[in-house]
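Here's the structure we're looking at; comments come further down.
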Amino acid sequence: MITLTLEAENQIVRLLKERGKPSEGIKIGIKTKGCSGLSYTIEYVDKIEESCEKIKANGFDIYIDPKATLFLIGTKMDYVEDDLQSGFQFTNPNEKGRCGCGESFHV
Amino acid sequence: MDSFKLFNLNYDFSINLSKLEDEYYALQKVLHPDKFISSTEKELLYAQIHASNLNNAYNTLVNQVSRSNELLKCKGEQSKESETFNDLEVLTEVLDLQEVAENINCQKQKDNLINEINQTIKENVEKLNNYFIEEQLLDAKKLTVKISYLEKLLKDIKNNVTFTN
Amino acid sequence: MSLLQIEEPIKGEQTTESEKKFCVGIDFGTTNCVCSVKIDGNVIMITDEFGEVIIPSVVLFRDSDVFVGNQIKKNIKNGLDNRIFSIKREFVENPEAKKNYGNYKQKLSPIEVSSLIFKYLKNCCESFLGKEISKCVVTVPAYFDERSRFAIKQSASLVGFEVLRLVNEPTSAAYAYGLERKTRGNYFVYDLGGGTFDVSILKLTDGVFKVLSTGGDPFLGGDDLDELFANKIAADFLNLRFKDLSKNNKVILVRKAKLLKEKLQKETVLKEFLEIDKKQINLEITEKALNTSISEILDKTILISTVVLEESGLKENELDGFILVGGSTRLKILLSKIQERFQLKIFSDIDPDLVVSKGAALHADGLVNGTENLLLDVTPLSLGIETAGGLMEKIIHRNTTIPIVKEQEFTTYEEAQTAIKIHILQGEREMVKYNRTLGEFVLDGIEPKPPGIPRINVRFMVDANGLLSVSATDKSSAIQKELEVKTTFNLEIEQMRTMIEESIKNSSLDMQERLLEESKIDATRFINELQSMDSDLKEICSTEELNKINSYIQLLSKEIQKDNREGILDFLKKLDVATQSFSEKRVKQKIKSALIGKNYDKL
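From first to last, the protein sequence lines stand for chains A, B and C.
Count along the first sequence from 1, add 52, and you get the number used in the numbering used here.
Count along the second sequence from 1, add 8, and you get the number used in the numbering used here.
Count along the third sequence from 1, add 200, and you get the number used in the numbering used here.
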């Protein structure tokens, strides 16, 4: 349900190694607290939560917070690095087609 | 994603409605546009579509006929647009009931008929559940059409407040 | 979206009180407005410069000044005839129609007059809280249609309010009760305000407030009770009909009636003076006279309540309580009528004048500062579009949980039709003419094809405020048109009232009309199809067959004109038989060229 680019995979493997303590994997969730609205979160996992969906990746496990599932279907997780900043980003190439919305909706 | 998967339910016709409701509320609490009130328009729209999908999926599963159709779809037994229903036995049964309904002329008769149809629906839903358990999908499909006719008839009777005579 | 890092799993960051945002809850009522805000876990009622919580929804123009609410009572002694009352009622008629209000030199629309009240409320909130306030939640009658909702939102926006959410009044009231008491269960909310009547049935589960069904009457409220009572007083003591009184005297009498109505809740007989046209009239009024004059309206609200209960799918014994909202619910006669019909625990301990605003403040706080609670509201009226023959096809049915997106496919009706009109409607009746037009637009550029072939996808979307947007797409060409429903028409208040009343009792009558229309559509379509196949007919049929077919077409057309369903069905059948051999031959020909179209099933 989610795909990782090679860059993302490599970076996660590196970060897990560098973390300094063993991890069960990473967890992807969404944050809806306060008025910040929707944003993705990525955390290290120390304790596996039953409710999370587990996805095997190349060399580590990804746990998906059930709340985030709907927002993650069909997304691609990428790792970007340029002169100014580096980090992960989620892109959803199918967004328009999948929800059938595109530009046609008004809010 | 189909409605069953959305709410973490097995592909069974018989579902735990209170579990469904819990799942529905848990997801709505996260996805509802109220939770994205200060977000960008795009995110708000996204939440709106998700919340709407949840509402549609929940309604699909709560109603027996649409739940059955959704389950048939998940099991690859989707009815096609062009398919016409021509089971004479079922049609006759429904038409007979319709005739009875048209000749109602007092509240008591109406109540009796409503009870009768409710009972028939209940029996058929049990039968439908068994068909799904036995994986007799073609029978399930046929019976679903029958139940939908009965539900429609029931609704018409309830809505029709004036009596013909 | 900004770039993310993998974080250490730290839980429970808390927003500090100073970072919290203020969002006020506004009950914008027909007779009174109430504002409140949640601070430090408590709902605080906001007061105006006179320390009053209840701010009358009244506007008065004096020279170049505008007076609102209690300012009028405190500052102005004469020329009160020009006060503008109950502006909210005019939203249901036409919120954009400009007219003369009081003595103001320019014509104004209800939206503009209301915005003056919103402006005053904003000032009150800001001076009370000592900071700029821009965000608010505004309550609206549950039974308010889409256009009135849009107009209320617009009116608040005009003065710089950002309306985060429109919440239905009964839902808001239930929210106030549920949150303060952590109640679970099914509740009936009965809201009889100054100008509108609403009922909703809500299910409360673990912080989720789900509306199951809603109903009401946007033209029924405490103001009507006062007027009915004034009618009675006029008949009994002035020997006059109320409607024959001068405008000024009407206002005086209604105010007196309102006052007496309140006093009669404590006493059974009252002796008062009424000064009218400089004459003093002795009144001796009994509680019984009051009750008789308003009984009919109250009975009507009970009837609507019963229907809404039925629509919720719940039985009376599944309900846990009956919540009373709105000042008019203080009437003893109403309470006894409710208790007579529903054997339920009555909740009225939160001030019925303040409870709606309190709920709005709680909801407002939840929106900006986060909450575990959730409101799931419904559409009060069905939404749909006009299809052939003046019928309304419902796309979103009333009492559907919002937000909701629904799509439906439509097709053309005439040969080579290249444009389709999307006429958007709101209401419950089968026939378009009995429902309310919300807007219309034309989707053109459809490729000319035989009827039934083009696929036009119409999508309705109702957001969490109950506001609608519609788009239509021709699937083959991807031509798309859309419309955010705006206010574009006029509907008389009486028409609207009849519309609501008749929707309850006329479903069977509608059915007859619908059957007739359907038969007319079938017949017309058949004739059109045959005419479009004219050359085929001439080629395939014998002269004898052709004459027969043509004469049936003529006879059928006559029956269509006469609106005679029996005749239409009769000739339709005859025409069907007469063209049978033609259809068979034609289909065979078509099979040969391997082009079987779906619409030939009909022949």
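We treat Cβ as the ideally placed atom computed from N, Cα and C, and that holds for glycine.
*Determine the burial state of L625 (chain C): buried for a count of at least 16 other Cβ atoms within 10 Å of its Cβ, exposed for fewer.*
Along the third sequence, read from residue 1 onward, the residue named residue 625 (chain C) stands at position 425. With 16 or more other Cβ atoms within 10 Å, it is buried.
*Looking at the C-beta of K606 (chain C), does it have a partner C-beta in chain B at a distance below 9 Å?*
Working through the third sequence from its first residue, we reach residue 606 (chain C) at position 406. True, the Cβ-Cβ gap to chain B drops below 9 Å.
*Can the beta-carbon of V408 (chain C) be found closer than 9 Å to that of L576 (chain C)?*
Taking the third sequence and counting its residues from 1, the one referred to as residue 408 (chain C) is at position 208. Taking the third sequence and counting its residues from 1, the one referred to as residue 576 (chain C) is at position 376. It is a contact, given that the beta carbons lie within the stated cut-off.
_Sequence-distant residues of the same chain with beta carbon closer than 6 Å to G767 (chain C), five excluded per side_ = Translated into the one-based positions of the third sequence, residue 767 (chain C) becomes position 567. Counting only Cβ-Cβ distances below 6 Å, and skipping sequence neighbours, we find E759.
*asked:* Helix, strand or coil, according to DSSP, for F828 (chain C) in the structure here?
replied: Residue 828 (chain C) cannot be examined here, being either before or after the span of chain C that is shown, 201 to 803.
*Using a cut-off of 8 Å between C-beta atoms, extract the partners of R365 (chain C) located in chain B.*
Within the third sequence, numbered from 1, the residue matching residue 365 (chain C) stands at position 165. Per Cβ cutoff of 8 Å: D42, I45.
*Can you tell which of C:P580, C:T501, C:N482, C:G652 has its C-alpha closest to the C-alpha of N665 (chain C)?*
Within the third sequence, the letter at position 465 stands for residue 665 (chain C). Considering only alpha carbons, the answer is C:P580.
*For G415 (chain C), name the three-state secondary structure that DSSP assigns.*
Mapped onto the third sequence, residue 415 (chain C) falls at position 215. Residue state, collapsed to three classes: strand.
_N386 (chain C) versus I546 (chain C) - alpha carbon distance_ = Against the third sequence, residue 386 (chain C) aligns to sequence position 186. Against the third sequence, residue 546 (chain C) aligns to sequence position 346. The alpha-carbon atoms of N386 (chain C) and I546 (chain C) are separated by roughly 13 Å.
_So, for H597 (chain C): in the same chain, excluding its five sequence neighbours on each side, which residues have a beta-carbon less than 6 Å away from its beta-carbon?_
Position 397 of the third sequence, counted from the first residue, corresponds to residue 597 (chain C). Excluding sequence neighbours, H597 (chain C) sits near S582.
_Classify Y19 (chain B): buried if its beta carbon has 16 or more other beta carbons within 10 angstroms, exposed otherwise._
By one-based count along the second sequence, residue 19 (chain B) stands at place 11. Exposed is the call here.
*asked:* If the cut-off is 7 Å on Cβ atoms, which residues from the segment 328 to 346 of chain C count as contacting chain B, listed in chain order?
replied: none
*Could you tell me the distance, in whole angstroms, from the CA atom of D551 (chain C) to the CA atom of N64 (chain B)?*
In the third sequence, residue 551 (chain C) corresponds to position 351, counting from 1. In the second sequence, residue 64 (chain B) corresponds to position 56, counting from 1. Whole-angstrom Cα-Cα distance: 37 Å.
*Using 8 Å as the Cβ pair cut-off and three pairs as the minimum, do the segment 358 to 377 of chain C and the segment 551 to 561 of chain C touch?*
yes
*Is the segment 502 to 520 of chain C touching the segment 536 to 544 of chain C, taking contact as three or more C-beta pairs under 8 Å?*
yes
*Beta-bridge pairing of I246 (chain C) - partner residues as DSSP gives them*: As a first step, residue 246 (chain C) is located in the third sequence; it is residue number 46 there, counting from the start. The partner list for I246 (chain C) (beta bridge, DSSP) is empty, contrary to what the question assumes.
*Cα-Cα separation between I272 (chain C) and D248 (chain C), rounded to whole angstroms*: Taking the third sequence and counting its residues from 1, one reaches residue 272 (chain C) at position 72. Taking the third sequence and counting its residues from 1, one reaches residue 248 (chain C) at position 48. Taking the straight line from one Cα to the other gives about 13 Å.
*Tell me which same chain residues have a C-beta within less than 8 Å of the C-beta of K81 (chain B), skipping the five on either side of it?*
Here residue 81 (chain B) refers to the residue found at position 73 of the second sequence. Closer than 8 Å at the Cβ level, and outside the excluded window around K81 (chain B), lie D10.
*Decide if T215 (chain C) is buried, meaning its Cβ has at least 16 other Cβ atoms within 10 Å, or exposed.*
Counted from its first residue, the third sequence places residue 215 (chain C) at position 15. Since pLDDT at T215 (chain C) reaches only 42, below the 50 mark, its modelled position is unreliable, and no value is offered.
*asked:* Between the segment 152 to 160 of chain B and the segment 98 to 106 of chain B, can you find at least three pairs of beta-carbon atoms closer than 8 Å?
replied: yes
*asked:* What ranges does the beta strand (DSSP E) occupy inside the segment 56 to 128 of chain A, keeping only unbroken runs of at least 3 residues that lie completely in it?
replied: 77 to 83, 91 to 97, 105 to 108, 113 to 116
*Kindly indicate which three-state DSSP category I165 (chain B) falls into: helix, strand or coil?*
Residue mapping note: residue 165 (chain B) aligns to position 157 of the second sequence, counting from 1. Reduced to three states, the DSSP call for I165 (chain B) is helix.
*Based on Cα-Cα distance, which residue from C:R725, C:M733, C:T779 lies nearest to V751 (chain C)?*
Counting from 1 along the third sequence, the entry for residue 751 (chain C) is found at position 551. Going by the sequence as given, residue 751 (chain C) is Ser instead of Val. When each option's Cα is compared against that of S751 (chain C), the closest is C:T779.
*Q56 (chain B) versus chain C: which residues are under 9 Å apart at the beta carbon?*
Taking the second sequence and counting its residues from 1, the one referred to as residue 56 (chain B) is at position 48. Those are P603, V605, M661, D663, A664, listed as they occur along chain C.
_Is P118 (chain A) close to chain B? Criterion is C-beta to C-beta, closer than 9 Å._
Translated into positions along the first sequence, residue 118 (chain A) becomes position 66. True, the Cβ-Cβ gap to chain B drops below 9 Å.
_Out of C:Y634, C:S446, C:T486, which one is the CA nearest neighbour of A457 (chain C)?_
The residue given as residue 457 (chain C) occupies position 257 in the third sequence. It is C:T486.
*Express the C-alpha separation of T57 (chain A) and F140 (chain A) in angstroms, rounding to a whole number.*
Residue numbering aside, residue 140 (chain A) sits at position 88 when the first sequence is read from its first letter. Residue numbering aside, residue 57 (chain A) sits at position 5 when the first sequence is read from its first letter. Approximately 10 Å, taken between the alpha carbons.
*D770 (chain C) versus Q712 (chain C): straight-line alpha-carbon distance, rounded*: Counting from 1 along the third sequence, the entry for residue 770 (chain C) is found at position 570. Counting from 1 along the third sequence, the entry for residue 712 (chain C) is found at position 512. Between D770 (chain C) and Q712 (chain C), the C-alpha separation is close to 17 Å.
*Buried or exposed (CB count within 10 angstroms, at least 16 for buried), G627 (chain C)*: As a position in the third sequence, residue 627 (chain C) is number 427, starting the count at 1. Buried, by the Cβ-count rule.
*Could you tell me if I100 (chain A) is buried or exposed, where buried requires 16 or more neighbouring beta carbons within 10 angstroms of its beta carbon?*
Your numbering for residue 100 (chain A) matches position 48 in the first sequence. Exposed, by the Cβ-count rule.
*Consider the Cβ of I64 (chain A): report whether some Cβ of chain B lies at a distance smaller than 9 Å.*
As a position in the first sequence, residue 64 (chain A) is number 12, starting the count at 1. Answer no: the Cβ-Cβ gap between I64 (chain A) and chain B never drops below 9 Å.
_Contact criterion: CB-CB distance below 9 Å. Does E95 (chain A) meet it with respect to chain C?_
Numbered from 1 along the first sequence, position 43 holds the residue referred to as residue 95 (chain A). True, the Cβ-Cβ gap to chain C drops below 9 Å.
*According to DSSP, is H563 (chain C) helix, strand or coil?*
Sequence index remark: in the third sequence, residue 563 (chain C) carries index 363 (1-based). In the structure shown, H563 (chain C) sits in a helix (DSSP, three-state: H, G or I).
*Residues bridged to Y139 (chain B) (per DSSP)*: As a position in the second sequence, residue 139 (chain B) is number 131, starting the count at 1. DSSP output for Y139 (chain B) lists no bridge partner at all.
*asked:* On the DSSP bridge list, what partners appear for A55 (chain B)?
replied: Residue numbering aside, residue 55 (chain B) sits at position 47 when the second sequence is read from its first letter. The partner list for A55 (chain B) (beta bridge, DSSP) is empty, contrary to what the question assumes.
*T779 (chain C) (DSSP reduced to helix, strand or coil)*: Position 579 of the third sequence, counted from the first residue, corresponds to residue 779 (chain C). Three-state DSSP puts T779 (chain C) in coil, outside helix and strand.
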